[in-house]
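Add 206 to the 1-based position in the sequence shown for this note's numbering, that's all there is to it. Beta carbons: idealized from backbone N, C-alpha and C, even for Gly. First comes the structure, then the notes that go with it.
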Amino acid sequence: MTARQRSILAVALVTQGISVGLVYAVPPVFLEALEETFDATRTQIAAGPILIMLGLTAGSLSAGAALDRGYGRRVVLGGALLLCAGLLVASAASNLWLLGLASIALGFAVPSVGPLAGASLVTRAFDEGRGRALGLMSMGPPLGSGLFAALAGWSLLEIGLRESFLLFAAIAFLAIVPLAWLVVPVRFERKKADEANASGVSMGDVLRMPVFWWTAGVFALSAGVATGWTAHAGAYFGGVGFGDGERAGVLAAQFWMGVPGAFAFGFLADRFSVTNLFVLLLFSEALVYGLFALSPSPSVAAGLAIAFGFLVGGMIPLYMVLLGRRMGADALGRAMGLSNLVMLPLMSLAVMIAAADFERAGHYSVSLAVFSVCLIAAIVCVLGSERSARSR
Numbered sequence: 207m208t209a210r211q212r213s214i215l216a217v218a219l220v221t222q223g224i225s226v227g228l229v230y231a232v233p234p235v236f237l238e239a240l241e242e243t244f245d246a247t248r249t250q251i252a253a254g255p256i257l258i259m260l261g262l263t264a265g266s267l268s269a270g271a272a273l274d275r276g277y278g279r280r281v282v283l284g285g286a287l288l289l290c291a292g293l294l295v296a297s298a299a300s301n302l303w304l305l306g307l308a309s310i311a312l313g314f315a316v317p318s319v320g321p322l323a324g325a326s327l328v329t330r331a332f333d334e335g336r337g338r339a340l341g342l343m344s345m346g347p348p349l350g351s352g353l354f355a356a357l358a359g360w361s362l363l364e365i366g367l368r369e370s371f372l373l374f375a376a377i378a379f380l381a382i383v384p385l386a387w388l389v390v391p392v393r394f395e396r397k398k399a400d401e402a403n404a405s406g407v408s409m410g411d412v413l414r415m416p417v418f419w420w421t422a423g424v425f426a427l428s429a430g431v432a433t434g435w436t437a438h439a440g441a442y443f444g445g446v447g448f449g450d451g452e453r454a455g456v457l458a459a460q461f462w463m464g465v466p467g468a469f470a471f472g473f474l475a476d477r478f479s480v481t482n483l484f485v486l487l488l489f490s491e492a493l494v495y496g497l498f499a500l501s502p503s504p505s506v507a508a509g510l511a512i513a514f515g516f517l518v519g520g521m522i523p524l525y526m527v528l529l530g531r532r533m534g535a536d537a538l539g540r541a542m543g544l545s546n547l548v549m550l551p552l553m554s555l556a557v558m559i560a561a562a563d564f565e566r567a568g569h570y571s572v573s574l575a576v577f578s579v580c581l582i583a584a585i586v587c588v589l590g591s592e593r594s595a596r597s598r
């Protein structure tokens with residue numbers, strides 16, 4: 207690994223950890239505080255993850271196109287500044303409309319400083335050992351999620367909700383902006399053949415490829431369900447017997463288990479069939495959802511949370527490798543942005559199904575069983591993607 211590759215990998219690791227940690231790990235910790243501050247119902251606050259995903263989808267499309275054209279530094283810097291602005295708006299929000307606007311802004315910023323930008327940087331910087339590099343890069347989100355979940359719990363008690371948002375804005379600015387300015391190239395170095403291919407592949411061309419739809423289906427079903435379920439995970443752990451402090455600890459452990467998951471599956475992706483690895487991961491995750499549905503004892507639920515975190519951590523590097531092989535490095539940004547667009551309705555549906563299930567029965571058994579079936583459907587998409595790629 208060269209010095210440049212190490213620098214790119216470090217930037218991808220840090221930016222992902224901060225952006226994903228702030229946008230996805232902090233809201234579940236702040237759930238009850240947000241309800242109290244804004245005198246809102248749980249359903250109203252639970253709309254936040256959907257607004258975040260709406261912004262993320264729009265941000266993925268614009269950032270993906272810019273990254274495919276070779277723009278690096280301006281995408282990452284723009285995303286970092288928007289992330290800080292969203293946190294500042296959240297800290298000053300006086301009503302749910304402003305909080306919703308902040309949610310959309312935070313979601314829009316994530317692709318520019320999160321997995322999409324990181325994957326584009328790493329994919330271009332690494333020809334050999336790309337799977338391992340993507341696995342190392344993908345350790346950022348679970349590391350950041352665990353760190354910021356713990357920090358959010360502390361800051362909420364010590365300095366309050368609004369001051370916590372200000373603290374997080376300062377952390378994001380000081381950590382991301384200098385790194386992006388010093389390390390991320392103004393423009394990606396691209397081969398002439400790659401430039402011709404990138405200019406010749408539009409979003410419309412991607413959408414007309416059957417292999418894209420099979421591959422995007424994998425992401426939509428697996429990541430959409432996982433993201434939707436995570437919004438309810440804290441409430442679920444409380445329902446099976448964990449206290450408030452214990453619940454935060456289980457969530458942090460779940461996030462942190464994504465670190466070895468990302469490394470393990472990224473490492474294996476360079477040595478074994480990505481299709482076979484994905485089938486194994488998805489089947490295991492379907493089994494975890496099914497066991498969650500049985501409302502197990504707290505100790506068993508904690509073990510399942512650890513397994514869930516490990517598997518979800520491995521999902522992103524595997525998908526990045528799979529998508530890069532199916533679509534090519536210079537169409538990766540567009541394809542990833544469109545993948546998020548496909549995921550949006552499924553993620554929103556997962557959030558609503560879980561909420562409706564809880565309001566109807568007081569638990570999540572039916573929705574978890576549905577999620578298990580969705581993961582089996584994702585396996586079908588993996589196999590369809592493999593078959594479609596071979597027939598091209």
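Grab the span of the alpha helix (DSSP H) containing proline 234 for me, first residue to last.
Here residue 234 corresponds to residue number 28 of the sequence shown, with the count starting at 1. Note, proline 234: alpha helix (DSSP H), 232 to 244.
Through-space distance from isoleucine 365 to threonine 421, alpha-carbon basis
As a working note, residue 421 is residue 215 in the sequence shown. As a working note, residue 365 is residue 159 in the sequence shown. Their Cα atoms are separated by approximately 44 Å.
Would you mind sorting threonine 208 into buried or exposed? The rule is 16 or more other CB atoms within 10 Å of its CB.
By one-based count along the sequence shown, residue 208 stands at place 2. That one is exposed.
DSSP state of arginine 275, grouped into three classes?
Numbered from its first residue, the sequence shown carries residue 275 at position 69. Reduced to three states, the DSSP call for arginine 275 is coil.
Give the secondary structure of arginine 393 by DSSP, where H, G and I count as helix, E and B as strand, and everything else as coil.
The residue labelled residue 393 in the question sits at position 187 within the sequence shown. Reduced to three states, the DSSP call for arginine 393 is strand.
Counting only the same chain and skipping the five closest in sequence on each side, list residues whose C-beta sits under 8 Å from that of leucine 581.
If you number the sequence shown from 1, residue 581 lands on position 375. Same-chain partners within the cutoff: Leu427, Ser428, Val431, Leu488, Phe489, Glu491, Ala492 and Tyr495.
Look at the alpha carbon of glutamate 592 and the alpha carbon of alanine 583, and state the distance between them as a whole number of angstroms.
For the purposes of this step, residue 592 is identified with residue 386 of the sequence shown, where counting begins at 1. For the purposes of this step, residue 583 is identified with residue 377 of the sequence shown, where counting begins at 1. Distance between the alpha carbons of glutamate 592 and alanine 583: 15 Å.
Counting C-beta neighbours from all protein chains within 10 Å, is the total for isoleucine 214 16 or more, i.e. buried, or is it exposed?
In the sequence shown, the residue the question calls residue 214 occupies position 8. That one is buried.
Helix, strand or coil for glycine 568, going by three-state DSSP, please let me know.
Stepping through the sequence shown from its first residue, residue 568 is reached at position 362. Coil at glycine 568, not helix or strand.
Whole-Å CB distance - arginine 279 paired with valine 392, under 8 Å assumed:
Indexing the sequence shown from 1 puts residue 279 at position 73. Indexing the sequence shown from 1 puts residue 392 at position 186. Their Cβ separation, rounded to whole angstroms, is 5 Å, which keeps arginine 279 and valine 392 in contact under 8 Å.
For phenylalanine 354, which residues of its own chain have a beta-carbon under 7 Å away from its beta-carbon, when the five flanking residues on both sides are left out?
Along the sequence shown, one-based indexing puts residue 354 at 148. Taken in chain order, the residues that qualify are Gly227, Leu228, Ala231 and Val232.
Take phenylalanine 461 and list the residues in its own chain whose beta-carbon comes closer than 7 Å to its own, dropping the five residues that flank it on each side.
The residue given as residue 461 occupies position 255 in the sequence shown. Correct list, in chain order: Ala231, Pro348, Ser351, Gly352, Ala355 and Gly515.
Determine the direct distance from the alpha carbon of leucine 544 to that of serine 266, and round the result to whole angstroms.
Position 60 of the sequence shown holds residue 266. Position 338 of the sequence shown holds residue 544. Near 7 Å, if we compare the C-alpha coordinates of leucine 544 and serine 266.
Considering glycine 313, what are the terminal residues of the alpha helix (DSSP H) in which it resides?
In the sequence shown, residue 313 corresponds to position 107, counting from 1. Element bounds for glycine 313: 302 to 319.
Can you tell which of Pro384, Val417, Gly261 and Ile256 has its C-alpha closest to the C-alpha of arginine 596?
Along the sequence shown, one-based indexing puts residue 596 at 390. Nearest of Pro384, Val417, Gly261 and Ile256 to arginine 596, Cα basis: Val417.
Measure the C-alpha to C-alpha separation of tryptophan 360 and tryptophan 419 and round it to an integer number of angstroms.
One-based indexing of the sequence shown puts residue 360 at position 154. One-based indexing of the sequence shown puts residue 419 at position 213. Approximately 43 Å between the Cα atoms of the pair.
Suppose the cutoff is 8 Å on Cβ atoms and the five residues either side in sequence are ignored; what does the same chain contact list for glycine 449 look like?
Here residue 449 is taken as the residue at index 243 of the sequence shown, counted from 1. Cβ within range, chain order: n/a, list empty.
Just the Cα atoms here: how many angstroms apart are alanine 541 and alanine 264?
Indexing the sequence shown from 1 puts residue 541 at position 335. Indexing the sequence shown from 1 puts residue 264 at position 58. Cα-Cα distance, rounded: 13 Å.
Could you spell out where the alpha helix (DSSP H) holding leucine 500 opens and where it closes?
Numbered from its first residue, the sequence shown carries residue 500 at position 294. Per DSSP, leucine 500 belongs to no alpha helix (DSSP H) and is neither H nor E.
Just mark glycine 410 as buried or exposed, buried being the case when its beta carbon has 16 or more other beta carbons within 10 Å.
Locating residue 410 in the sequence shown gives position 204, where the first residue counts as 1. With fewer than 16 other Cβ atoms within 10 Å, it is exposed.
Are the segment 304 to 321 and the segment 497 to 505 in contact at 8 Å, needing three or more beta carbon pairs?
no
When the Cα atoms are used, what is the spatial distance from leucine 257 to leucine 304?
As a working mapping, residue 257 is identified with position 51 in the sequence shown. As a working mapping, residue 304 is identified with position 98 in the sequence shown. Whole-angstrom Cα-Cα distance: 12 Å.
Where does the unbroken alpha helix (DSSP H) through alanine 218 begin, and where does it stop?
As a working mapping, residue 218 is identified with position 12 in the sequence shown. Segment 209 to 226, the alpha helix (DSSP H) holding alanine 218.
Suppose you measure from the CA of glycine 285 to the CA of alanine 381; what does that come to, to the nearest Å?
In the sequence shown, counting from the first residue as 1, residue 285 sits at position 79. In the sequence shown, counting from the first residue as 1, residue 381 sits at position 175. So the alpha carbons of these two residues sit roughly 13 Å apart.
Taking buried to mean at least 16 other C-beta atoms within 10 Å of its own C-beta, is leucine 500 buried or exposed?
Residue mapping note: residue 500 aligns to position 294 of the sequence shown, counting from 1. Classification for leucine 500: exposed.
Can you name the start and end residues of the alpha helix (DSSP H) that alanine 475 belongs to?
For the purposes of this step, residue 475 is taken as the residue at position 269 of the sequence shown. Taken as a continuous stretch (DSSP letters only), the alpha helix (DSSP H) holding alanine 475 covers 464 to 475.
Does the count of Cβ pairs from the segment 543 to 562 and the segment 465 to 478 closer than 8 Å reach three?
no
Can you name the start and end residues of the alpha helix (DSSP H) that threonine 247 belongs to?
Walking along the sequence shown from the start, residue 247 turns up at place 41. First-last for threonine 247: undefined, no H or E at that position.
Among the candidates Val235, Val220, Ile224 and Thr221, whose CA atom is the shortest distance from the CA of glycine 455?
Within the sequence shown, residue 455 is the residue found at index 249, counting from 1. Out of Val235, Val220, Ile224 and Thr221, Val235 has the C-alpha closest to the C-alpha of glycine 455.
Would you kindly report the start and end of the unbroken alpha helix (DSSP H) that includes valine 424?
Working through the sequence shown from its first residue, we reach residue 424 at position 218. It spans 416 to 445 - the alpha helix (DSSP H) in which valine 424 sits, taken as one unbroken run.
In the DSSP assignment, find the unbroken alpha helix (DSSP H) run with serine 344 in it and report its ends.
Within the sequence shown, residue 344 is the residue found at index 138, counting from 1. Here serine 344 belongs to no alpha helix (DSSP H), and DSSP marks it neither H nor E.
Classify aspartate 245 as buried or exposed, calling it buried when 16 or more other Cβ atoms lie within 10 Å of its own Cβ.
Counting from 1 along the sequence shown, the entry for residue 245 is found at position 39. It is exposed - the Cβ of aspartate 245 has fewer than 16 other Cβ atoms within 10 Å.
Give the single residue among Leu497, Glu369, Val588 and Leu342 whose Cα lies nearest to the Cα of aspartate 476.
Taking the sequence shown and counting its residues from 1, one reaches residue 476 at position 270. Of the candidates Leu497, Glu369, Val588 and Leu342, the one whose C-alpha sits nearest the C-alpha of aspartate 476 is Leu342.
Residues near alanine 470 by beta carbon distance below 7 Å, same chain, minus five either side
Locating residue 470 in the sequence shown gives position 264, where the first residue counts as 1. Cβ within range, chain order: Gly520.
Under 7 Å between C-beta atoms, does proline 391 make it to chain C?
No chain C appears in the structure shown, which is made up of a single protein chain.
What's the call for alanine 439, buried or exposed, on a 16-neighbour Cβ count within 10 Å?
Counting from 1 along the sequence shown, the entry for residue 439 is found at position 233. Classification of alanine 439: buried, given that the 10 Å Cβ count is 16 or more.
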